[in-house]
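Chains as they are written, first to last, in this note's numbering: chain U, 1 to 162; chain L, 1001 to 1163. Where a beta carbon is used, it is the ideal one built from N, C-alpha and C, also for glycine.
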Amino acid sequence: MKTKLIIAALSLFLLFSCSSDITGVVLLDDIYTIRVKKIMQEYTENKYEAFHKFFNDDVKTYYSSDIYYTKSKLLEAFKSDFYYFSNIDFSSTEVYTIFNSDRSYTTIFKPIWNAKGNFTNKKYKVLSYYKFIWRNNKIISVNTYWDDSSFFEEFVESDKKF
Amino acid sequence: MHKLYIFIFLVLFSCSNKNNIGIVKNSDKYSLKSIKFINKCMNNDFEVMDEFLAESITFKINSTVYAGLKDVLKKLNLNSKVFSKVSIDNLETSTFFYKDGNFLTTQYLNYTYQSKLSYSNIYIRSVLTYKWFNNKIIEVNFIFDSTSINNEIANYQNLTQKN
């Protein structure tokens, strides 16, 4: 116990001697960053092993409104991408995890989402941003950002098929 | 307490670890200036935008690029003709200071616009990133679902063309 206190005191001294207003540190290649890379890589292959492993059953995914997608709805949305698009992949991806002083940890995945439209043959390059919030080694919330209007043409063409 | 040790360890680890790319702050001058900037934008107050934005700014709204302060102000002014701000329900701002000396501010912002045309409320969830040079923003990346906003702007433009 005494050793722990000494380590804590020493750590705090070193921490605040670095800077007192640091709210988080950013790491690459920590386990959370690696897991998110795996989830997103599998998504491009329409596979979801890591998704099932690391997404909490009660995960809430937010897009453009305050209404959230459940885990099953999110999976449905991921899979439906392959109805509209093929050759889905990511480029120029930045991915890292922020370990915050409030003990939370968040993985950021910032890619360009690339795909070919199945109905238009158009090539899409869409700037995207995903924020994965972890708790107890599981993703409990995802905030996603991109512009759905980028896909308007594809959706219109797919509607014409019916 | 256990998790506090982990955090402290990570911060210390950050001083030397090659996988660490930087630290995050939210009360530094860039974060505070970003908050001031976004509040002015939300209130359609574009009077002193040159205090925040560099003359040569690149402002990316999803995939559309506006180059130069003049173009950006034109776009912001168009938005202010169509929308009035109703409320911000969440604003989270932090600046990443990278080990290589670069720094970048990120802002998560949920807000409600009211259309001056249809009076409908439009809820926006967005993320903005700012790159800085000489205390001014030189690049903005603004990502959000623009579907509802585009419809309102198109309606406004159709109406003004008819008049």
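- About 6 Å separates the CB atoms of Y1130 of chain L and S1034 of chain L; that is less than 8 Å, so the two are in contact.
- One finds D21 in chain U with Cβ atoms closer than 8 Å to the Cβ of D1028 of chain L, taken in chain order.
- Below the 9 Å Cβ cutoff, chain L contributes D1089, N1110, Y1123 and R1125 as neighbours of D66 of chain U, in chain order.
- Spanning the alpha carbons of K38 of chain U and A50 of chain U requires a straight line of approximately 7 Å.
- Contact check between the region 1101-1108 of chain L and the region 1116-1129 of chain L: three or more CB pairs, one atom from each, fall below 8 Å, which counts as touching.
- At a cut-off of 9 Å, the C-beta of F1103 of chain L has no neighbouring C-beta in chain U.
- V1072 of chain L is outside the set of residues whose beta carbon lies under 9 Å from a beta carbon in chain U.
- For the set U:K138, U:K47, U:F82 and U:D29, the Cα lying nearest the Cα of D58 of chain U is the one of U:K138.
- Residues of chain U with a Cβ closer than 8 Å to the Cβ of F1046 of chain L do not exist; the shortest Cβ-Cβ separation is about 23 Å.
- Excluding five sequence positions before and after F55 of chain U, the CB atoms of its chain that fall closer than 6 Å to its own CB belong to K71 and I139, given in chain order.
- Interface criterion not met: the Cβ of F1059 of chain L is under 9 Å from no Cβ in chain U.
- Using beta-carbon distances, K1025 of chain L counts as an interface residue toward chain U, with a partner under 9 Å.
- The three-state reading of DSSP puts K125 of chain U in strand, counting E and B together.
- Not flagged as an interface residue toward chain L: D89 of chain U, since no C-beta distance is shorter than 9 Å.
- Secondary structure of L1159 of chain L (DSSP, three-state): helix.
- With a cut-off of 8 Å on Cβ pairs, the region 1032-1052 of chain L is not in contact with the region 1146-1154 of chain L, counting fewer than three such pairs.
- When the Cα atoms are used, K123 of chain U and W113 of chain U turn out to be separated by approximately 10 Å.
- Between T1058 of chain L and I1138 of chain L, the C-beta gap is smaller than 9 Å, which places the two residues in contact.
- Contact residues of the region 1142-1155 of chain L toward chain U are I1143, F1144, D1145, S1146, T1147 and N1150 (C-beta to C-beta distance below 7 Å).
- The beta carbon of R1125 of chain L sits closer than 6 Å to the beta carbons of N1110 from its chain, once the five residues preceding and following it are set aside; these are given in chain order.
- The distance from the Cβ of A1054 of chain L to that of F1133 of chain L is about 6 Å, consistent with a contact at the 8 Å cut-off.
- Against W146 of chain U, the close residues of chain L are I1143, in the order they occur along the chain (beta-carbon pairs closer than 7 Å).
- Segment contact: the region 101-111 of chain U against the region 69-83 of chain U, fewer than three CB-CB distances shorter than 8 Å; contact not assigned.
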